[in-house]
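Asker: The working numbering puts the first residue of the sequence shown at 12, with every later residue one more than the last.
Glycine residues also receive a C-beta, built at the ideal position from the N, C-alpha and C atoms.
Since this is a predicted model, take the numbers as computed values, not measurements.
My questions all concern the structure below.
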Amino acid sequence: MDKRGWYTEEWAGAGAAISLKVTEKVHDEQSPYQRIEIYETETFGTLMTLDGLVMVTDRDNFIYHEMMSHPALFTHHKPRRVLIIGGGDCGTLREVLRHDAILEVDQVEIDERVTRVSEQFFPELCSANADPRARLHFADGIQWTKESSPGHYDVIIVDSTDPVGPAAGLFSASFYADCYRALNAGGILVGQSESPLFHADLIKGMHGGLRGANFLDIATLFFPQCTYPSGWWSATMAAKDRALSNFREEDVENRRFPTRYYNHGIHHGALAVPEFLFKTLM
Ligand code: SAM
């Protein structure tokens, strides 16, 4: 926070940054994995940063958490068992548990402090943590996936930090191969895949790595996320053995839970590939 009361995240190598007017820093700790800071802001509610990078704000997290969960879950024919890797703020977990058919969710977050701090400062994101279907584990998601029984999960969601440090391996070919094995028939993997504007090469690399792991169909979802680098974000889905183009549209229309961003039109639109990426992703 600078002298004028602004928090600024400079976007590495992009010559750009985002600033949020803050009123107070309310928490600051160094966990075994990262620095966790919490600020109160003038217009975005509570802000959490990890190693100085925006992770979640009260105001705009709904877009990201809905897009990391509902497209994959409504594409799967009947998701029962879900694995979330990362997701320590628990916003994705809350969205997954809105689906009644879900029997159990393993959330594997390497840094327990992220979840404990989120329980204190983002109670609404953690509102589903006591759901009997939720199983919170604090471990390395790469190891967890490697040791998972073949075919155990219907959907795997990788809600990780950027591909550096402990998260780097979550963007690797060997991890994708472990996900392929841990997914059941009809299984779907979805991972946050950074900014299409700043990180197009990473998205292309993910498509190549997922194809190399024998996933049959791969599709990237594009959506806004104003507090993440460039304000334009993505999540990349990979289906073990089916097409991603069709999803349970009627179930989306008839869903019995509220969303603020996701609906069936958004689902269709998010799958449309921007022209500059079309040749490389299709
Ligand atoms: N929405 C954020 C984004 O897109 O950058 C991600 C939110 S969530 C807080 C990211 C979490 O991934 C962090 O809490 C971090 O500790 C966790 N993480 C990173 N590498 C991991 C790994 N190998 N296994 C499990 N969790 C990991």
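Identify the continuous beta strand (DSSP E) that holds I29 and give its terminal residues.
Answerer: Its beta strand (DSSP E) spans residues 27–41.
Asker: Just to confirm, are I153 and G202 a CB contact at a threshold of 9 Å?
Answerer: No, they are not a contact pair.
Asker: Hey, how far is the Cα of V67 from the Cα of R124?
Answerer: Roughly 15 Å separates the two Cα atoms.
Asker: How should L227 be labelled, buried or exposed, when 16 other C-beta atoms within 10 angstroms of its C-beta is the threshold for buried?
Answerer: Per the 10 Å Cβ criterion, exposed.
Asker: Cβ of T60 within 8 Å of any heavy atom in the ligand SAM?
Answerer: Checking every heavy atom of the ligand SAM against the Cβ of T60, none is found closer than 8 Å.
Asker: Can you round the beta-carbon distance between G223 and A184 to whole angstroms, since I take them to be within the 8 Å contact cut?
Answerer: G223 to A184, Cβ: 5 Å. Contact.
Asker: Which whole-angstrom value describes the C-beta separation of R146 and E120, a residue pair presumed to lie in contact below a C-beta threshold of 8 Å?
Answerer: Between E120 and R146 the Cβ distance is about 12 Å, and since that is not below 8 Å, they are no contact.
Asker: Give me the Cβ distance between M248 and P82, rounded to the nearest whole Å; I'm assuming they're in contact under 8 Å.
Answerer: With a Cβ gap of about 7 Å, M248 and P82 count as contacting.
Asker: Using DSSP's beta-bridge definition, name the partner residues of S245.
Answerer: In DSSP, S245 forms a bridge with F233.
Asker: When you measure from the CB of G63 to every non-hydrogen atom of the ligand SAM, does any distance come out below 8 Å?
Answerer: No; taking the cut-off as 8 Å, the Cβ of G63 has no heavy atom of the ligand SAM nearer than that.
Asker: Got a sec? Which residues, its chain only, sit under 6 Å from Q19 by beta carbon, not counting five neighbours each side?
Answerer: One detail in the question is off: residue 19 reads as Thr in this sequence, not Gln. Cβ within range, chain order: A28, S30.
Asker: According to DSSP, what are the bridge partners of E51?
Answerer: Note: E51 sits in a beta bridge opposite E35, T57.
Asker: Figure out for me which residue from N195, S206, L232 has the closest Cα to the Cα of K251.
Answerer: Among N195, S206, L232, the Cα nearest to that of K251 belongs to N195.
Asker: Go ahead and pull the three-state DSSP assignment for R92.
Answerer: Reduced to three states, the DSSP call for R92 is strand.
Asker: For T86, does the count of other Cβ atoms within 10 angstroms reach 16, so buried, or fall short, so exposed?
Answerer: Answer is buried; the Cβ neighbour count reaches 16.
Asker: Quick one, which of R15, L221, R46 has its alpha-carbon nearest K32's?
Answerer: Checked all of R15, L221, R46; the closest Cα to K32 is R15.
Asker: Under the DSSP definition of a beta bridge, which residues are partnered with G202?
Answerer: Partner(s): V169, T247.
Asker: Kindly indicate which residue of R259, D151, Y191, G220 has the alpha-carbon position closest to the one of E177.
Answerer: For clarity, residue 177 is Pro in the given sequence; the question names Glu instead. Considering only alpha carbons, the answer is D151.
Asker: Determine the direct distance from the alpha carbon of P207 to that of Q236, and round the result to whole angstroms.
Answerer: Cα-Cα distance, rounded: 12 Å.
Asker: Applying the 10 Å Cβ sphere with the 16-neighbour rule, what's the burial state of F287?
Answerer: So F287 ends up on the exposed side.
Asker: Since I believe T126 is in contact with G99 (beta carbons under 8 Å), could you give me their beta-carbon distance rounded to a whole number of angstroms?
Answerer: That belief holds up - the Cβ atoms of G99 and T126 are roughly 5 Å apart, short of 8 Å.
Asker: Please confirm whether any heavy atom of the ligand SAM lies closer than 8 Å to the CB of Y164.
Answerer: Answer for Y164: no, Cβ out of range of the ligand SAM.
Asker: Any contact between the region 104–113 and the region 71–82? By contact I mean 3 or more CB pairs, one from each, below 8 Å.
Answerer: Output reads yes: the region 71–82 touches the region 104–113.
Asker: Answer with buried or exposed for E158, where buried requires no fewer than 16 other C-beta atoms within 10 angstroms of its C-beta.
Answerer: With fewer than 16 Cβ atoms within 10 Å of its Cβ, E158 is classed as exposed.
Asker: Confirm the yes/no value for this check: CB of M66, any heavy atom of the ligand SAM, distance under 8 Å.
Answerer: Yes, the Cβ of M66 comes within 8 Å of a heavy atom of the ligand SAM.
Asker: Just to confirm the assignment, what range does the alpha helix (DSSP H) spanning R105 have?
Answerer: Looking at the DSSP string, the run of the alpha helix (DSSP H) that includes R105 is 102–107.
Asker: Could you check what DSSP says for M12 in three-state terms: helix, strand or coil?
Answerer: Reduced to three states, the DSSP call for M12 is coil.
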